């Protein structure tokens, strides 16, 4: 695989994170269908994570036949409330114990965002370690990686890959499985069960640096 092919693959991986993040927002049937979220996700995953692609295709099928009220009821029970959440979408609940939000791990996540020049929009209603934010952060890091590679800035690209690995290993990979397990157990609609399977399979099946082209491997060895 040469650099050009690698960049193309990485862009697809980044778009998978972006589209998966969209799936965790409140479901609006007309918008989701118009944007082709599930078809695009399944298509991208065919190359990046074929097994996850099957789950994305199933998500699309179930979403089409499900009522919007039905989807929103499941969404609220899992992620929003007002009763106890069946699948809290916050990393600190799983990483800091006692089902806490805004714990120590949240502060560490905020620090990582700030180190990359990012800050949470004041109008954003969710917490910094919400699943949507962490998935979008991975998309941002991959975007920076591919942008650097297209400019032949190998050092910046390798640094972005290292930050991806650090973020996954320290945060997202540490809580994604129990979170997805709770989604699968708590969901009454097949859409969210398939979303849990798709998310977990994708994140577990492909990691930054797994398929670096020779030019990047050589540069990485010299760092």
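In our numbering, the protein residues as written are 4 to 226. The beta carbon of each residue, even a glycine, is placed where N, CA and C say it ideally should be. Note that this is a predicted model, so its numbers are computed, not measured.
With distance defined between alpha-carbon atoms, name the residue in the options nearest to residue i.
i, options, result
"residue 2", "201, 199, 217 and 192", "What is shown of the chain runs 4 to 226, which leaves residue 2 out entirely."
"residue 49", "185, 37, 12 and 39", "12"
"residue 27", "188, 54, 222 and 182", "182"
"residue 94", "171, 163 and 153", "171"
"residue 87", "136, 168 and 103", "103"
"residue 100", "177, 220 and 6", "177"
"residue 130", "105, 36 and 25", "105"
"residue 52", "141, 203 and 219", "203"
"residue 174", "138, 151 and 149", "138"
"residue 74", "35, 98, 108 and 55", "35"
"residue 10", "169, 151 and 188", "151"
I need the DSSP call for residue i, collapsed to helix, strand or coil.
i, result
"residue 28", "coil"
"residue 218", "helix"
"residue 83", "helix"
"residue 10", "helix"
According to the neighbour-count rule (16 or more other Cβ atoms, all chains shown, within 10 Å of its Cβ), is residue i buried or exposed?
i, result
"residue 83", "exposed"
"residue 30", "buried"
"residue 92", "buried"
"residue 155", "exposed"
"residue 127", "exposed"
"residue 96", "buried"
"residue 67", "exposed"
"residue 186", "buried"
"residue 141", "buried"
"residue 158", "exposed"
"residue 200", "buried"
"residue 132", "buried"
"residue 22", "buried"
"residue 47", "buried"
"residue 219", "buried"
Need the endpoints of the alpha helix (DSSP H) that residue i sits in, please.
i, result
"residue 181", "176-189"
"residue 53", "53-68"
"residue 110", "107-118"
"residue 77", "71-78"
"residue 198", "193-208"
"residue 134", "134-153"
"residue 97", "94-98"
"residue 170", "157-170"
Is there contact here, the stretch 143-160 with the stretch 16-32, by at least three beta-carbon pairs under 8 Å? With a cut-off of 8 Å, the stretch 16-32 and the stretch 143-160 count as touching, because enough Cβ pairs lie within range.
Should the stretch 100-116 be regarded as contacting the stretch 195-213, the criterion being three or more beta carbon pairs within less than 8 Å? Contact fails: fewer than three Cβ-Cβ distances are below 8 Å.
Would the stretch 212-219 and the stretch 30-45 be scored as touching if the rule is three or more Cβ pairs under 8 Å? With fewer than three CB-CB distances shorter than 8 Å, the stretch 212-219 does not count as touching the stretch 30-45.
Across the stretch 117-135 and the stretch 74-81, are there enough close Cβ pairs to call them in contact, namely three or more that are closer than 8 Å? Contact between the stretch 117-135 and the stretch 74-81 is absent, with fewer than three C-beta pairs closer than 8 Å.
Flag this pair as touching only if the stretch 54-64 and the stretch 186-200 have three or more C-beta atom pairs under 8 Å; answer yes or no. Under the three-pair Cβ rule at 8 Å, the stretch 54-64 counts as touching the stretch 186-200.
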